[in-house]
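*Asks:* Can you keep this structure in mind? I'll have questions shortly.
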Ligand code: ATP
């Protein structure tokens, strides 16, 4: 595999790019971890009121849904996880993956990327090619509050021999979309700056206020789609998402709701 030049993470550059919002985050960066989601969920840090972010220059066993893998290259990928703690009686986390996708889409737009669409429940596409993915894992804390670990992988500059499997629509990266590669700190700041207000909104009001914005970016709006889950297959026309983030499929006998089932619940 092609080795890529990578520069060490620069916390001061991130703080500078975040401006006043820097105080809202506690960021830790590792040179190499297997999975930022696993590292965070296995050792949930104490709550000091800030949003915890764990990133890695190199992630060697990035996780996708249901045992699939997220491939990343040091210097070519931005991989990090954000810990979001829900207050007791907060909205169900089902739409969180969609809210995160929306934040990624907005951040990419601000960076100058055009043609962004969201593929339910957790992918960000540019002209149909996958540029970023989201994996949310849940854990219950000792005080019984729910903690969501939001894993994000975003392609900055893929190596020419990346060989990413099972993406019929193709994959892309920021370098191809922008003609230049912004620094990892700049991209991370752009994502966190969108994620923070959206998650705050989500925490107080759930997915309903974000639903319309998500639907405007729905990659398959009005199109026939096939949803497969545990050997079962449902075909219908994608008519959007419900108030809780469930996919809505128009079928012969009415509208069917499809839930993602992309979360794994663990007891600490
Ligand atoms: P589905 O289409 O069934 O929802 P998915 O593509 O959303 O699947 P995920 O589990 O979300 O699946 O992500 C893992 C998949 O993403 C991998 O199986 C691979 O096809 C693709 N992938 C892995 N690394 C990258 C990457 N760096 N860039 C783009 N796509 C990737």
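Numbering (the numbering used here), first residue to last: 2 to 269. All C-beta atoms, glycine included, are put in the ideal place defined by N, C-alpha and C. Since this is a predicted model, take the numbers as computed values, not measurements.
Can you give me the start and stop residues for the alpha helix (DSSP H) that residue 102 sits inside?
*Replies:* Residue 102 sits at position 101 when you count from the first residue of the chain shown. Note, residue 102: alpha helix (DSSP H), 97-112.
*Asks:* Which residues mark the beginning and the end of the beta strand (DSSP E) in which residue 259 is found?
*Replies:* For the purposes of this step, residue 259 is taken as residue 258 along the chain shown, with counting starting at 1. Residues 255-259.
*Asks:* If you measure between the beta carbons of residue 80 and residue 155, is that distance less than 9 Å?
*Replies:* Taking the chain shown and counting its residues from 1, one reaches residue 80 at position 79. Taking the chain shown and counting its residues from 1, one reaches residue 155 at position 154. In this structure, residue 155 lies closer than 9 Å to residue 80 by Cβ.
*Asks:* Alpha carbon to alpha carbon, how far is residue 204 from residue 21? Give it in angstroms, no decimals.
*Replies:* Your numbering for residue 21 matches position 20 in the chain shown. Your numbering for residue 204 matches position 203 in the chain shown. Cα-Cα distance, rounded: 21 Å.
*Asks:* So residue 99 and residue 242 are in contact, right, with Cβ under 8 Å, and what is the actual spacing, rounded?
*Replies:* Here residue 99 corresponds to residue number 98 of the chain shown, with the count starting at 1. Here residue 242 corresponds to residue number 241 of the chain shown, with the count starting at 1. Their Cβ separation, rounded to whole angstroms, is 7 Å, which keeps residue 99 and residue 242 in contact under 8 Å.
*Asks:* Spatial neighbours of residue 72 within its chain, please: CB distance less than 6 Å, with the 5 preceding and 5 following residues excluded, ordered by chain position.
*Replies:* Numbered from its first residue, the chain shown carries residue 72 at position 71. Once the five neighbours on either side are set aside, the close Cβ partners of residue 72 are 165.
*Asks:* Run through DSSP, which three-state label would residue 184 get?
*Replies:* Translated into positions along the chain shown, residue 184 becomes position 183. If DSSP states are grouped into helix, strand and coil, residue 184 belongs with coil.
*Asks:* Which whole-angstrom value is the C-beta distance of residue 92 and residue 207, which I expect to be below 8 Å?
*Replies:* Reading the chain shown from its first residue, position 91 is the one you call residue 92. Reading the chain shown from its first residue, position 206 is the one you call residue 207. Right, the Cβ-Cβ distance comes to about 3 Å (below 8 Å), so this counts as a contact.
*Asks:* How is residue 77 classed by DSSP in three states: helix, strand or coil?
*Replies:* Reading the chain shown from its first residue, position 76 is the one you call residue 77. Coil, per DSSP.
*Asks:* Below 7 Å CB to CB, which residues in the same chain sit around residue 134 once its five sequence neighbours on both sides are set aside?
*Replies:* Taking the chain shown and counting its residues from 1, the one referred to as residue 134 is at position 133. Only 65, 71, 123, 124, 154 meet the Cβ criterion.
*Asks:* Using the DSSP secondary-structure output, state which residues sit across from residue 195 in a beta bridge.
*Replies:* On the chain shown, residue 195 is found 194 positions in, with the first residue counted as 1. Paired residue(s): none; residue 195 is not in a bridge.
*Asks:* So what does residue 135 bridge to, in DSSP terms?
*Replies:* Position 134 of the chain shown, counted from the start, is the residue given in the question as residue 135. 153, per the DSSP bridge assignment.
*Asks:* Taking the alpha-carbon positions, what's the residue 223 to residue 256 distance?
*Replies:* The residue given as residue 223 occupies position 222 in the chain shown. The residue given as residue 256 occupies position 255 in the chain shown. Roughly 13 Å between the two C-alpha positions.
*Asks:* Mapping DSSP to helix, strand and coil, what is residue 265?
*Replies:* Within the chain shown, numbered from 1, the residue matching residue 265 stands at position 264. Unreliable positioning characterises residue 265 in this predicted model, as indicated by a pLDDT of 30, which lies under 50. A coordinate reading is not provided.
*Asks:* For residue 37 and residue 131, I'd like the C-alpha separation in whole angstroms.
*Replies:* On the chain shown, position 36 is the one that residue 37 refers to. On the chain shown, position 130 is the one that residue 131 refers to. Approximately 20 Å between the Cα atoms of the pair.
*Asks:* How would you call residue 266, buried or exposed, if buried means at least 16 neighbouring beta carbons within 10 angstroms?
*Replies:* Along the chain shown, one-based indexing puts residue 266 at 265. Since pLDDT at residue 266 reaches only 27, below the 50 mark, its modelled position is unreliable, and no value is offered.
*Asks:* Given that a residue counts as buried once 16 or more other Cβ atoms are within 10 Å of its Cβ, and exposed if not, what is residue 8?
*Replies:* In the chain shown, the residue the question calls residue 8 occupies position 7. Label assigned to residue 8: exposed.
*Asks:* Less than 8 Å between C-beta atoms, sequence neighbours within five positions excluded: which residues of the same chain meet that for residue 219?
*Replies:* The residue you call residue 219 lines up with position 218 of the chain shown. Counting only Cβ-Cβ distances below 8 Å, and skipping sequence neighbours, we find 118, 119, 121, 239, 241, 242.
*Asks:* Secondary structure at residue 146, three-state DSSP: helix, strand or coil?
*Replies:* The sequence position of residue 146 within the chain shown is 145, counting from 1. Residue 146 falls in the coil class under three-state DSSP.
*Asks:* For residue 56, list the residues DSSP reports as bridge partners.
*Replies:* Sequence index remark: in the chain shown, residue 56 carries index 55 (1-based). 30, 81.
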